[in-house]
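This report concerns only the one structure given below.
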Amino acid sequence: MSERQSFYKNIYKIAIPVTLQSLLMSLLYLTDQLMIGQLGDVAIASVGMATRIFGIISVVLAGLSVGVSVYAAQFWGTKDNKSITQVLGIGLFTGILLSLTFAIAVFFNPSFFLGLFTTDTSVTDGGAIFLQIVAISYVPTMLTMMYSAILRSTEHAKWPMYVSLVSVVLNIILNYMLVFGHWGAAEMGLKGSAVATVISKIVECLLIIGVVYFYRLPGATGMRNLFTIPKPLIKKFFSTSYPIILTELVWVLGETVYAIIYSRMGTTEMTAMMMTSPLQGLSIGLLTGLSSAAGVMIGNKLGAGEFDTALAHARRFVKLGITISLILGVIVAAISPLYVKAYNVSDEASRLGIYIILVFAGFLWVKVSNMIMAGGILNSGGDSKYVFAMESAATWLIGVPSGLLLSFVWKQPVFLVYLVLSCEEVVRFMLGWVRLTSKKWMKNLVSDVSA
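Following the UniProt record's numbering, the numbering of the sequence shown begins with 1 at its first residue and continues without gaps.
Structure below.
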């Protein structure tokens with residue numbers, strides 16, 4: 001088998017399960033939104049704001065799981081299973097501290113967090129009930145993320161996909177029962193959607209851990225081995241991972257500022273943005289597998305010392321991502337009128353929603369390219385500090401100032417604000433491509449800490 005054939009075979013093996021899992025989660029979010037959308041504008045906005053709150057902790061945990069994935073992929077390239085287990089132990093210990101702290105804070109004061117986004121009391125009242133219940137799912141979600149990161153990085157990506165399928169189906173069934181009161185269940189509205197989310201997340205967590213130990217997959221070990229970690233590995237892990245976590249945090253804080261900007265423009269504008277989020281997530285989710293595959297495959301090659309092959313893989317991944325996302329962008333633009341009709345919202349919210357989707361479709365190719373370069377390629381070589389600087393500069397020097405000026409000073413419509421904010425992605429693309437071609441990101445992270 002040629003090197004090129006091997007490349008595409010591994011993409012199918014890694015990217016397709018990850019893509020299907022992302023697709024399932026996006027479909028779940030879309031289904032939730034469509035069900036809640038039948039309850040009106042305020043319900044959509046309430047769930048949207050509550051989802052933004054969870055976004056803060058979820059991206060921090062995502063950054064931690066990326067750090068776990070980076071080291072697990074390079075250790076897998078050297079077939080060092082013991083060190084993979086130790087990396088998982090670092091992720092679990094840190095993740096429990098973060099997720100549990102955030103869950104307690106949100107559970108006991110949900111109104112405070114929602115008040116950071118909107119002053120609309122109808123939104124905060126409905127969202128507080130939803131957010132308080134969903135906070136219970138933060139720790140199980142973290143456990144699922146860490147074990148899934150290990151499985152994807154060690155060529156077992158199909159298992160997280162299977163588990164997500166069960167979780168999504170369960171969530172949809174429970175939503176149908178509890179939101180609308182079908183099959184003998186009480187009609188609970190927003191509260192029912194929150195209960196459905198918690199139950200499905202707990203089941204998902206138990207299933208993924210059960211699979212790991214039942215089939216003795218990487219990460220299946222006793223507590224003693226899991227948390228007996230050499231200090232050099234801890235030090236090196238956090239030296240690489242803290243910029244990844246900071247990058248995710250900076251990104252979500254930027255997105256939080258954007259959400260505040262949209263919400264302060266009015267409930268109609270906020271509704272238009274929120275109802276387009278599932279379609280955006282679905283579109284990005286279709287290509288998330290390329291980013292994950294890039295991180296795993298290139299990380300394996302760097303860990304094995306095959307630098308030329310790693311660089312060739314990197315170039316192919318970017319070109320493949322651009323090609324597919326351009327095609328997908330055309331499809332998304334074409335279905336935008338049909339998509340907004342599925343929501344029971346005002347005519348103005350529908351009109352704005354179509355414009356927002358068209359802007360998103362036009363920038364999809366550059367968003368996907370940046371996801372592959374920053375999240376997959378550069379991080380796979382431990383170049384997290386450069387990624388942090390690149391992401392921070394684009395968000396806080398270009399995106400946030402532009403958004404504040406356009407919305408509050410120049411009073412521009414929401415779709416035009418979104419258009420200008422999306423231009424920061426072009427800056428990221430240029431900085432990322434320059435770094436990729438420089439080869440400075442290519443490092444073997446595990447040669448001196450391997451067990």
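Note that the Cβ used here is the ideal one computed from N, Cα and C, for glycine as well.
Item                                                                                                                                                                                  : Value
Considering only their Cβ atoms, is the gap separating G77 from N300 smaller than 8 Å?                                                                                                : yes
Based on Cα-Cα distance, which residue from S336, G303, T256 lies nearest to I53?                                                                                                     : T256
Checking 8 Å against the spacing of the C-beta atoms, do S111 and T197 come in under that value?                                                                                      : no
Excluding five sequence neighbours on each side, which residues of the same chain lie with their C-beta closer than 6 Å to the C-beta of A294?                                        : F317, I372, G376, I377
Run the CB neighbour count on H182, radius 10 Å, all protein chains shown included, and call it buried at 16 or more, exposed below.                                                  : exposed
Between the C-alpha atoms of R264 and Y258, what's the straight-line distance to the nearest angstrom?                                                                                : 10 Å
Quick one: residues in its chain with C-beta nearer than 7 Å to the C-beta of F363, no 5 flanking neighbours on either side, listed in chain order?                                   : S422, E425
Around the C-beta of S58, are 16 or more other C-beta atoms found within 10 angstroms, so that it is buried, or is it exposed?                                                        : buried
How long is the line joining the alpha carbons of G289 and I16, rounded to whole angstroms?                                                                                           : 6 Å
Distance check for L61 and L98, CA to CA, integer angstroms please.                                                                                                                   : 8 Å
Comparing alpha-carbon positions, which option in S384, A103, S325, F75 lies nearest L436?                                                                                            : S384
Looking at the structure shown, is G382 part of a helix, part of a strand, or coil, going by DSSP?                                                                                    : coil
If you compare alpha carbons, which of F93, Q5, V106, S6 is closest to A50?                                                                                                           : V106
Please work out which residues of its chain come closer than 7 Å, Cβ to Cβ, to F237, disregarding the five sequence neighbours upstream and downstream, and give them in chain order. : G67, Y71, V87, I90
Which residue comes first and which comes last in the alpha helix (DSSP H) that contains residue 471?                                                                                 : Residue 471 lies beyond the residue range present for the chain, which begins at 1 and ends at 451; the question has no answer from this structure.
Using the C-alpha atoms, what's the distance from A186 back to V400?                                                                                                                  : 44 Å
Check for me: the alpha helix (DSSP H) holding S407 runs from which residue to which?                                                                                                 : S407 -> no alpha helix (DSSP H), and no H or E assigned at all.
With H, G and I counted as helix, E and B as strand and the rest as coil, what does DSSP make of G63?                                                                                 : helix
Taking the beta carbon of R216 as the centre, do at least 16 other beta carbons fall within 10 Å, making it buried, or is it exposed?                                                 : exposed
What separation, rounded to the nearest whole angstrom, lies between the Cα atoms of L406 and V417?                                                                                   : 6 Å
Output needed for N370: all residues of its chain with C-beta closer than 7 Å, excluding positions within five of it in sequence on either side, in chain order.                      : E425, R428, F429, G432
Can you tell me which of the three DSSP states K79 falls into?                                                                                                                        : coil
Using the C-alpha atoms, what's the distance from A342 back to H313?                                                                                                                  : 40 Å
Whose C-beta lies closer than 8 Å to the C-beta of S193 among residues of the same chain, with five residues either side of it excluded?                                              : D32, M35, I36, V47, F130, N175, L178, V179
Start and end of the alpha helix (DSSP H) containing P413?                                                                                                                            : Counting along the chain, P413 falls outside any alpha helix (DSSP H), and DSSP gives it neither H nor E.
Please tell me whether V340 and R152 are closer than 8 Å, where the distance is taken between their beta carbons.                                                                     : no
Which residue's Cα is closest to the Cα of I229: S83, L23, G210, L24?                                                                                                                 : S83
When you compare only the Cα positions, how much space is there between residue 452 and Q74?                                                                                          : Lying outside 1 to 451, the shown extent of the chain, residue 452 is not represented and no answer is given.
Taking the Cβ atom as the reference point for each residue, do I14 and S292 lie within a distance shorter than 8 Å?                                                                   : yes
By how many angstroms is the C-alpha of V387 removed from the C-alpha of T85?                                                                                                         : 26 Å
According to the neighbour-count rule (16 or more other Cβ atoms, all chains shown, within 10 Å of its Cβ), is L100 buried or exposed?                                                : exposed
Going by beta carbon distance, what residues of the same chain come within less than 6 Å of P243, once the five residues before and after it are set aside?                           : S384, K385, F388
What number of angstroms, rounded off, separates the C-alpha of L311 from the C-alpha of I298?                                                                                        : 8 Å
Cα separation between W441 and F307?                                                                                                                                                  : 11 Å
For the ligand MN, is there any heavy atom lying closer than 7 Å to the beta carbon of M373?                                                                                          : Among the components modelled here there is no ligand, and therefore nothing to report on the ligand MN.
Are I133 and V195 closer than 8 Å when you measure CB to CB?                                                                                                                          : yes
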